Amino acid sequence: MGRFVAETRRISLGPARSGVPEVAARVRQGVWSLGAQLLGARRGGVYERRLSDERTLEPFASLVRAFETAPQHLTTTITGGGLSPLVRIATQEIGERQGEVIVCVHGVFTDRTMWRYLAGAMAEQGRNVLLIDLPGCGDSDKPRPTRRNRALYAPGALARRVLAALRSHLRTRKDSPRVRLVAHSLGGAVVIRMFAAAALRQEFADVLERVDSMLLLAPLDVAVNKENPDLTRLRRVSNIKIWSARGLGTLRENLASALLSGCGPDAPVMRREADHKLRVLTHTPSRLAMQAMLHQAVPHEKGRPRWDKIEPIVAGYSHVSPRTLIVWGECDEVLPVSMGYKLAAQLPKAKLVTLPRCGHSLVLEQPREVARLAERFLCERTGDKPQPAAEAILV
Numbered sequence: 025m026g027r028f029v030a031e032t033r034r035i036s037l038g039p040a041r042s043g044v045p046e047v048a049a050r051v052r053q054g055v056w057s058l059g060a061q062l063l064g065a066r067r068g069g070v071y072e073r074r075l076s077d078e079r080t081l082e083p084f085a086s087l088v089r090a091f092e093t094a095p096q097h098l099t100t101t102i103t104g105g106g107l108s109p110l111v112r113i114a115t116q117e118i119g120e121r122q123g124e125v126i127v128c129v130h131g132v133f134t135d136r137t138m139w140r141y142l143a144g145a146m147a148e149q150g151r152n153v154l155l156i157d158l159p160g161c162g163d164s165d166k167p168r169p170t171r172r173n174r175a176l177y178a179p180g181a182l183a184r185r186v187l188a189a190l191r192s193h194l195r196t197r198k199d200s201p202r203v204r205l206v207a208h209s210l211g212g213a214v215v216i217r218m219f220a221a222a223a224l225r226q227e228f229a230d231v232l233e234r235v236d237s238m239l240l241l242a243p244l245d246v247a248v249n250k251e252n253p254d255l256t257r258l259r260r261v262s263n264i265k266i267w268s269a270r271g272l273g274t275l276r277e278n279l280a281s282a283l284l285s286g287c288g289p290d291a292p293v294m295r296r297e298a299d300h301k302l303r304v305l306t307h308t309p310s311r312l313a314m315q316a317m318l319h320q321a322v323p324h325e326k327g328r329p330r331w332d333k334i335e336p337i338v339a340g341y342s343h344v345s346p347r348t349l350i351v352w353g354e355c356d357e358v359l360p361v362s363m364g365y366k367l368a369a370q371l372p373k374a375k376l377v378t379l380p381r382c383g384h385s386l387v388l389e390q391p392r393e394v395a396r397l398a399e400r401f402l403c404e405r406t407g408d409k410p411q412p413a414a415e416a417i418l419v
């Protein structure tokens, strides 16, 4: 693939508008069992009665306010070149343009807004945060996946787009800031691939040499023995099933039930998250992109892993040079915590921290604890201390 070029358009927005067995049994259904639940019986009132409003529940409300009042800009970067199609990538810069850049990469079935709590806490500390929409998500382009271009949504291809957008952003800075990478789930696989793939290390050496550390929240490891059946069902949900469930009035209720089943036992589920996932499911380009990401996440053929492709990727883990903190929810049954222990042993400078009573969506379930861990990790290298205003949020 030819060298990427990027053209950037910057738009100033100002402030935004906007017991263990029992636990395991609850989580087991998971948000990812949505594909099997879409046509289930209506569960009256779940959406209205059990989902929460982030603006009325702490600590979420204060973190959202910090996020919305921080200076921010939305940028569109055109990535592509050579044999690759042009795709516009949306990035949102939060906080003052000074010091190091904290780059956040989301996972599947979401977009950059999943980072709003963490970005709010970091903005309070005076940090500069860059939220990136992966292709097919949020305000980025959503190329329709076909047999010929489905690899556009593979982790390696996504990593190339993110690096191209990041390079474009760094070139707009008058200084030469250092970079910290933060990623969740599939986004973790994308970030790991940046260093594990020799072609990316060579093409984007100027960007990767600036990366000091990585914070990975339940990152996907491609070395899995079999497909997750719930992910497989979600990947195969069709327009007919979506619209039939919507017409019957079951889609919203069963989506809410799936989200509630998939989180830790004490975690609220925000109505905003359910609304976002509902939009993804009912917007065909977004749903097809999400399903293509699931299909391409792990090299496989007919439900079996392609070890001839997986093993070279895993061999590249030895090239992941930055300091790495891996954080995992102990109740995560989307990606088991055993994957975290394995990755921590494989990545050269990694350590693992687990969060009790937390599921897969750590930054949405326990934003205070994730923000506290992130700040401590960031300060390990610099010797900085959290600002008093931030401690009011984090403690």
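Taking our numbering, the leading residue of the sequence shown gets 25, the next gets one more, and so forth.
By construction, the Cβ of each residue, glycine as well, lies at the ideal position given by its N, Cα and C atoms.
Nothing here was measured: the structure is a model prediction, and the numbers come from that model.
Proximity below 8 Å, CB of V248 to CB of P329: Within the sequence shown, residue 248 is the residue found at index 224, counting from 1. Within the sequence shown, residue 329 is the residue found at index 305, counting from 1. Yes; because the gap between Cβ atoms is below 8 Å, this pair is in contact.
Counted within 10 angstroms of its Cβ, other Cβ atoms place I437 as buried (16 or more) or exposed: No information on residue 437 is available, as it lies outside the stretch 25 to 419 that the chain covers here.
Between the CA atoms of C403 and W352 - distance to the nearest angstrom: Indexing the sequence shown from 1 puts residue 352 at position 328. Indexing the sequence shown from 1 puts residue 403 at position 379. Between the alpha carbons of W352 and C403 lies a distance of about 20 Å.
Helix, strand or coil at H208 according to DSSP, with G and I counted as helix: Looking up residue 208 in the sequence shown gives position 184. Here H208 sits in strand by DSSP.
Unbroken stretches of the beta strand (DSSP E), 3 residues or longer, contained in the segment 91-149: Runs of the beta strand (DSSP E) inside the segment 91-149: 96-105, 108-118, 125-129.
Separation of C382 from V111, as counted between CA atoms: By 1-based counting over the sequence shown, the position of residue 111 is 87. By 1-based counting over the sequence shown, the position of residue 382 is 358. Each residue's alpha carbon lies about 35 Å from the other.
Residue closest to G123, alpha-carbon to alpha-carbon, out of G150, P109, M138: On the sequence shown, residue 123 is found 99 positions in, with the first residue counted as 1. Of the candidates G150, P109, M138, the one whose C-alpha sits nearest the C-alpha of G123 is G150.
Beta-carbon contacts of K250 that lie in its chain and below 8 Å, excluding the five residues immediately before and after: The count along the sequence shown starts at 1 and reaches residue 250 at position 226. Excluding residues within five positions, the ones whose Cβ falls inside 8 Å are G327, R328, P329.
Rounded separation between D157 and D165 - CA only: As a first step, residue 157 is located in the sequence shown; it is residue number 133 there, counting from the start. As a first step, residue 165 is located in the sequence shown; it is residue number 141 there, counting from the start. The alpha-carbon atoms of D157 and D165 are separated by roughly 9 Å.
Range covered by the beta strand (DSSP E) that runs through S237: The residue labelled residue 237 in the question sits at position 213 within the sequence shown. Segment 235-241, the beta strand (DSSP E) holding S237.
Contact under 8 Å by Cβ, E78 with R296: Taking the sequence shown and counting its residues from 1, one reaches residue 78 at position 54. Taking the sequence shown and counting its residues from 1, one reaches residue 296 at position 272. A contact, by the Cβ cut-off of 8 Å.
Residue burial classification, N263 (beta-carbon count within 10 angstroms, cutoff 16): One-based indexing of the sequence shown puts residue 263 at position 239. Label assigned to N263: exposed.
Buried versus exposed call for S281 [16 or more other C-beta atoms within 10 Å across all chains shown]: As a position in the sequence shown, residue 281 is number 257, starting the count at 1. By the Cβ neighbour-count rule, S281 is buried, with 16 or more other Cβ atoms within 10 Å of its own.
Distance, V304 Cα to M294 Cα: Here residue 294 corresponds to residue number 270 of the sequence shown, with the count starting at 1. Here residue 304 corresponds to residue number 280 of the sequence shown, with the count starting at 1. Approximately 16 Å, taken between the alpha carbons.
Whether G119 touches V88 by CB criterion (8 Å): Locating residue 119 in the sequence shown gives position 95, where the first residue counts as 1. Locating residue 88 in the sequence shown gives position 64, where the first residue counts as 1. Contact flag unset, no.
Residues bridged to H300 (per DSSP): Translated into the one-based positions of the sequence shown, residue 300 becomes position 276. Paired residues: none, contrary to the question.
Simplified DSSP assignment, three categories, for V377: Position 353 of the sequence shown holds residue 377. DSSP places V377 in strand when its eight states are reduced to three.
Own chain partners of G144 with C-beta closer than 6 Å, once the 5 adjacent residues on each side are dropped: The sequence position of residue 144 within the sequence shown is 120, counting from 1. Cβ neighbours of G144 beyond the five flanking positions: L87, A90, F91.
Limits of the beta strand (DSSP E) - the one that R174 falls within: As a first step, residue 174 must be located in the sequence shown, where it is residue number 150. Annotation for R174: no beta strand (DSSP E) segment contains it, and DSSP assigns it neither H nor E.
Straight-line gap, Q116 to P243 (C-alpha atoms, nearest Å): The count along the sequence shown starts at 1 and reaches residue 116 at position 92. The count along the sequence shown starts at 1 and reaches residue 243 at position 219. When rounded, the separation of the alpha-carbon atoms in Q116 and P243 is 22 Å.
Alpha-carbon spacing of A222 relative to D245, whole angstroms: As a working note, residue 222 is residue 198 in the sequence shown. As a working note, residue 245 is residue 221 in the sequence shown. Roughly 18 Å separates the two Cα atoms.
Simplified DSSP assignment, three categories, for H307: Taking the first residue of the sequence shown as 1, we reach residue 307 at position 283. H307 sits in coil when the DSSP states are folded into three classes, being neither helix nor strand.
Closest by C-alpha distance to R168, when choosing among T308, T378, L376: Your numbering for residue 168 matches position 144 in the sequence shown. If we check each option's Cα against that of R168, T308 comes out closest.
Buried/exposed call for P336, threshold 16 Cβ in 10 Å: In the sequence shown, residue 336 corresponds to position 312, counting from 1. Exposed, because fewer than 16 other Cβ atoms sit within 10 Å of the Cβ of P336.
Whole-Å CB distance - F133 paired with M314, under 8 Å assumed: As a working mapping, residue 133 is identified with position 109 in the sequence shown. As a working mapping, residue 314 is identified with position 290 in the sequence shown. Rounded, the Cβ-Cβ distance is 5 Å, consistent with contact.
From F84, Q96, P360, G69, residue whose alpha carbon lies closest to that of L241: Position 217 of the sequence shown holds residue 241. For L241, the closest alpha carbon among the candidates F84, Q96, P360, G69 is that of P360.
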